[in-house]
Amino acid sequence: MSDYRFKVVRQFAGTHDIARDKSKHVVEQFVKTRVDFTFTEHVAGQEVTEFVITNDKNVVIGKLFVLINSVLFTVYGAAAAEEAWNMEADMVDLMDQMFSTAGTAEKL
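Residue numbers are given in this note's numbering: position 106 of the sequence shown equals residue 145, and the series is strictly consecutive.
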């Protein structure tokens, strides 16, 4: 089991609906360049949405979690570690593009 984990967090000034829509665009662009990745959207509550990213072996690679207007994009595990060299920069770039006016809550 790999301990690899990379996170990007943004605090968005808008509503949950806008943060969710922007987050969906981020995850769509992220999986678009990785043909063996897919994602599913799960609504866990009125202001809680989670996008789960899996590979072609149905292994969870990461998640993009939207809680009210905070957005957490994380990848983890052995399968993600293999692709870390090209995923980390893409994650930061996509989050910065979609949430350009957001504050960086924390980069872990």
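Don't be surprised by glycine CBs; every beta carbon is placed ideally from N, CA and C. From a predicted model like this one, the values you see are computed outputs, not experimental measurements.
Under a Cβ-count criterion, where at least 16 other Cβ atoms within 10 Å of its own Cβ denotes burial, should residue i be classed as buried or exposed?
i, result
"N108", "buried"
Among the residues of its own chain, which have a CB less than 8 Å from the CB of residue i, if the five just before and after it don't count?
i, result
"M137", "K61, S62, H64, V65"
"T72", "D129"
Apart from the five residues on each side of it in sequence, which residues of its chain come closer than 6 Å, Cβ to Cβ, to residue i?
i, result
"T88", "R59, V82, V105"
"H80", "Inspection of the sequence shows that residue 80 is occupied by Glu rather than by His. The residues are F90."
"V98", "A118"
Please report the distance separating the alpha-carbon of residue i from that of residue j.
i, j, result
"T77", "N94", "6 Å"
"L103", "V47", "9 Å"
Leaving aside the five residues before and after residue i along the sequence, list all residues of the same chain whose C-beta is less than 7 Å from its C-beta, in chain order.
i, result
"V70", "F76, T77, F78, I92"
DSSP on residue i, reduced to helix/strand/coil?
i, result
"V66", "helix"
"E122", "coil"
"E92", "In the sequence as displayed, the identity of residue 92 is Ile instead of Glu. Reduced to three states, the DSSP call for I92 is strand."
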